[in-house]
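Residue numbers (the numbering used here), protein chains in the order written: chain A, 7 to 275; chain B, -13 to 245.
Glycine included, C-beta positions come from ideal geometry on N, C-alpha and C.
In what follows, a single structure is set out as structure tokens and then discussed.
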Amino acid sequence: MTGPEVPGGDASSVGLIDRWRRRDIREAPLWLFAILAILALMALTVATNRSFAHAFEIIIPGITTTLRITLVSFVISVFLGLIAGLGRVSRNFVLRNVAITYVEFVRGVPIVVLILMIAFVLVPIASKAIGFANNAIPQEVRFIVALSLIYGAFIAEIFRAGVESVPKGQMEAGRSLGLTHAQTMRSIILPQAIRTVLPALGNDFIALLKDSALATLLGVRDLTQSARLYTGRTFRFDEAFLVLTFLYLSMTLVLSLLVQYLQRRLGRG
Amino acid sequence: MADRPAIRPDIRPDIGPDDRIVVDHLSKSFGSIRAVRDASLRIKTGTVTIIIGPSGSGKSTVLRCMNHLEVPTSGAVYIDGVHLEAKDTDINTVRREIGMVFQQFNLFPHMSVLDNITLAQRMVRGRSKQEAVDVAMAQLERVGIPEQAHKRPGALSGGQQQRVAIARSLAMNPKAMLFDEPTSALDPEMIKEVLDVMLELAASGMTMVVVSHEMGFAREVGSHMVMMDFGEIVEEGRADEVFSNPRHPRTQEFFSKIL
């Protein structure tokens, strides 16, 4: 259709406009509005209801522990993941198999079981081996060790995929100029791999933030454990778990919007 | 015919002082596919050798073995008398003397044209930043695109990218240059600008081995010609002789198809 709408325009032009509107609605991020509405409702409840506000005040201090666990574990697991991921694509079959064993072991056991196993079996064995008293190691540290080891394996797979996404010709071009394998990896392959890997790393950061709630298994006072302690004292399950859900959801929403933004920017660039 | 083992220093061929690249009874298999069978070649300093043949005939594989990008299943490659497959050979020191230009350019997309050309100079040749930039700019002048120095490769046309790739290799001051179908991925109107650069390079006395279907170029600058078919070298000789008087029926047939 050309030009502005003719007065008393025929049915087809009306139909066209209708179709436009419907498509607009279909492409709008309705899910985002829904989540925001849910969050707003929750926030309103906390702001207007005293017992919810009280639960919020008691639970919120746990956020520092949640964030500390998340950030520290993420840094360690990216480091571990990079090493294991490079091992995974190494030409050295010993390194490669060590890395694969690590990754497949972690992927084959439930996270909850791994956390219990690492915190109560592996860490005591390791601490005894280096001459530490078993109970000298705080539960939070054990949990960070466990989460880092678990996510290190997940992130290794991300790095492997990233390195494998770089065309083979890049390594050949580097090598043909006389660069060593390691030099080519560092200056040519990894910088390109990191770019493709960033959104996936962001998603794993979000997943790690959520899994940090498993700290409650070891009695570490993060958000989740604070909420559970609160219910244990007050039996106010509605308040505690609504507040808890609200806190995690608002954090992950912000993070996932950030990851999407990053993805769009990288996709364009 | 029995394959020779990969490393047999005792049967090292005679290598004269002007034998830049010697390919000695080279065979290469990929799984059950025998890509190259018992190929032998001598590339003299200052010559331009054109390798022709239908696709899948093993041309690229022979070329890639000359840079150890493929490891021969048997036989050997010598660069300036250095046995590439020998255990005590540092392949990196050999490779820095041999430039390689790929069909797909293989520029580094995450760095500028200039950085593409300075990277190996600095990391491998140990040149200072200023020195590397000077060499890079001189080579970009030579291939005719100094004004593109600060762009990313992605912003350049295919022909310009391939010229950058040639400049990148030349900046290492190689003793020989290998070209693996350098114009096959280019639009027709860009082929000439790349061939012109290669023409100039040949005229300057560079030792070149070129896998190419560009017969006009081959006729103009080729001093030697190698015809491959089904993994074997079926004919080899001076370019003008092979052109005017191909002896092997497969060469005659090949020429009749593409000329």
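Secondary-structure assignment with DSSP links T35 of chain B through a beta bridge to B:V195 and B:H210. Contacts with chain B (Cβ-Cβ distance below 7 Å) from the stretch 177 to 200 of chain A involve E178, A179, R181, S182, L183, G184, L185, T186, Q189, S193, I194, P197 and Q198, listed in chain order. Interface with chain A (9 Å Cβ-Cβ cutoff): M86 of chain B is included. By the criterion of a C-beta distance shorter than 6 Å, I194 of chain A is surrounded in its chain by Q176 and G180, once the five residues flanking it on both sides are discounted. The C-alpha of V112 of chain A is placed about 15 Å away from the C-alpha of D217 of chain A. Annotation: the stretch 15 to 103 of chain B contains the following complete segments of the alpha helix (DSSP H) (minimum length 4 residues), in chain order: 45 to 51 and 77 to 81. Beta-bridge partners of V9 of chain B (DSSP): B:L27 and B:V63.
The three-state reading of DSSP puts F165 of chain B in strand, counting E and B together. Of the residues assessed, D0 of chain B falls on the exposed side of the cut-off, its CB having fewer than 16 other CB atoms within 10 angstroms. Secondary structure at I1 of chain B: coil, using DSSP grouped into helix, strand and coil.
One alpha carbon belongs to M163 of chain B, the other to L204 of chain A, and they sit about 38 Å apart.
One finds F88, Q90 and N92 in chain B with Cβ atoms closer than 7 Å to the Cβ of G175 of chain A, taken in chain order. Scanning A:D228, A:Q198, A:V249 and A:N209 for the CA closest to the CA of Y267 of chain A turns up A:N209. Secondary structure note for G223 of chain B: its beta strand (DSSP E) is the uninterrupted segment E218 to R224. Legend: CB atoms of the stretch 109 to 136 of chain B lying less than 7 Å from CB atoms of chain A belong to residues M109 and V110. Under the 10 Å beta carbon count, P116 of chain A is surrounded by fewer than 16 other beta carbons and is classified as exposed.
With respect to the C-alpha of L196 of chain A, the residue from B:M97, B:H69 and B:M86 having the closest C-alpha is B:M97. Neighbours of L55 of chain B in chain A, taken as residues at a C-beta separation under 9 Å, are given in chain order as E178, R181 and S182. Boundaries of the alpha helix (DSSP H) harbouring A49 of chain A: L36 to T54, taken from the DSSP string. Using a CB distance cut-off of 9 Å, L105 of chain B counts as an interface residue toward chain A.
For K174 of chain A, the enclosing alpha helix (DSSP H) starts and ends at K174 to S182. Within 8 Å of the CB of R81 of chain B, the CB atoms of chain A belong to R181, S182, L183 and G184, in sequence order along the chain. Around the Cβ of G238 of chain A, a 10 Å sphere holds fewer than 16 other Cβ atoms; the residue is exposed. Annotated three-state conformation of D228 of chain A is coil, per DSSP. With distances taken between CA atoms, A90 of chain A lies nearest to A:V169 out of A:T258, A:G225, A:P173 and A:V169.
Between R6 of chain B and D66 of chain B, the C-beta gap is smaller than 9 Å, which places the two residues in contact.
Residue-level contact check: N159 of chain B does not touch chain A, since none of the beta carbons of chain A fall below 9 Å from its beta carbon. Cβ-Cβ separation between L245 of chain B and M201 of chain B: approximately 6 Å, consistent with a contact (criterion under 8 Å). Counting only Cβ-Cβ distances below 8 Å, N231 of chain B has no contacts in chain A at all, with the closest Cβ about 36 Å away. Just so you know, the alpha carbons of A46 of chain A and F252 of chain A end up roughly 9 Å apart.
Residue range G68 to R94 is occupied by the alpha helix (DSSP H) that includes F80 of chain A. Not flagged as an interface residue toward chain A: H234 of chain B, since no C-beta distance is shorter than 9 Å. For V180 of chain B against Q148 of chain B, the beta-carbon gap comes to about 5 Å, under 8 Å, which counts as contact. Take the alpha-carbon of S46 of chain B and the one of L70 of chain B: they are about 17 Å apart. Per DSSP, L245 of chain B is not a residue of any alpha helix (DSSP H), being assigned neither H nor E.
Annotation for A204 of chain B: I36 place their beta carbon closer than 6 Å to its own, counting only its chain and skipping 5 residues before and after.
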